[in-house]
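Peer 1: Just so you know, we're using the numbering used here here: the sequence shown kicks off at 115 and counts up by one. Where a beta carbon is used, it is the ideal one built from N, C-alpha and C, also for glycine.
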Amino acid sequence: MDKTDRAILAHLMENGRLANTELADLVGLSPSPCLRRVRQLENSGVITGYRATVEPAAVGRGFQVLLHVEMAVQDRATTEAFEAAVGELDEVANCLRMFGQPDYLLWIAVPDLDAYERFYMAGLTDLPGVARTHSQFTMKTIKSTPEFPIRSR
């Protein structure tokens, strides 16, 4: 990946709706080579998709909870069952398996505290292998960066 590829990525991360001609102008290429580079970045798995960024409250997901999960057992079957079950829960916006404690971090996004309590009691308490959970509620979002900056080398 060279400086031009990194520039393409930086511009697309800032505005994924850029027309190819605009992108080509921004990175100093003609449209055909620019499009070839974008397609190569897509085909090689560097660009994994394009999406809209949505205000959570506008879609009924304004109450966000960071849930720490500690597992009672960590054998393969339990881990796979837990991860499969979490993957089916729409309220789970993000799930990370961690080294150390906790075993998992889950970002839960629901409309409000009552919805979280219902989800917690009906969806989280019966997950395979869970020993303990600890909920942290978001007071204020200071910075939210869905992607990371791309710098040229």
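Nearest to Ala195 by CA position, among Asp240, Pro225 and Asn157, is which residue?
Peer 2: Of the candidates Asp240, Pro225 and Asn157, the one whose C-alpha sits nearest the C-alpha of Ala195 is Asp240.
Peer 1: DSSP on Asn208, reduced to helix/strand/coil?
Peer 2: Correct three-state label for Asn208: strand.
Peer 1: Helix, strand or coil for Thr247, going by three-state DSSP, please let me know.
Peer 2: Strand, per DSSP.
Peer 1: Can you tell me whether Asp189 is buried or exposed, with buried defined as 16 or more other CB within 10 angstroms of its CB?
Peer 2: Counting Cβ neighbours within 10 Å, Asp189 comes out exposed, since fewer than 16 surround it.
Peer 1: Take the Cβ of Ile222 as the centre, count every other Cβ of all protein chains shown within 10 Å, and call the residue buried at 16 or more, exposed below.
Peer 2: Ile222 comes out buried.
Peer 1: Who does Phe177 pair with in a DSSP beta bridge?
Peer 2: BP columns for Phe177 point to Val224.
Peer 1: With a 10 Å radius around its C-beta and 16 neighbouring C-beta atoms as the bar for buried, classify Ile256 as buried or exposed.
Peer 2: Counting Cβ neighbours within 10 Å, Ile256 comes out exposed, since fewer than 16 surround it.
Peer 1: Per the DSSP calculation, His182 is bridged to which residue(s)?
Peer 2: In DSSP, His182 forms a bridge with Leu219 and His248.
Peer 1: In angstroms with no decimal places, state the Cα-to-Cα distance between Gly163 and Ile264.
Peer 2: Rounded to whole angstroms, Gly163 to Ile264 spans 16 Å at the Cα level.
Peer 1: With DSSP as the reference, label Leu140 as helix, strand or coil.
Peer 2: In this structure, Leu140 counts as helix in the three-state DSSP scheme.
Peer 1: What is the rounded straight-line gap between the Cα of Ser249 and the Cα of Cys148?
Peer 2: Going by the C-alpha atoms only, they are around 46 Å apart.
Peer 1: Could you check whether Tyr218 and Leu210 sit closer than 8 Å to each other, using their CB atoms as the reference points?
Peer 2: Taking 8 Å as the Cβ cut-off, Leu210 and Tyr218 qualify as a contacting pair.
Peer 1: If you drop the 5 nearest sequence neighbours on each side, which residues of the same chain put their C-beta closer than 7 Å to that of Tyr230?
Peer 2: Counting only Cβ-Cβ distances below 7 Å, and skipping sequence neighbours, we find Phe177, Val179, Ile222 and Val224.
Peer 1: Of the residues Leu220, Met212, Lys117 and Pro170, which one's Cα is nearest the Cα of Ala199?
Peer 2: It is Leu220 whose Cα lies nearest to the Cα of Ala199.
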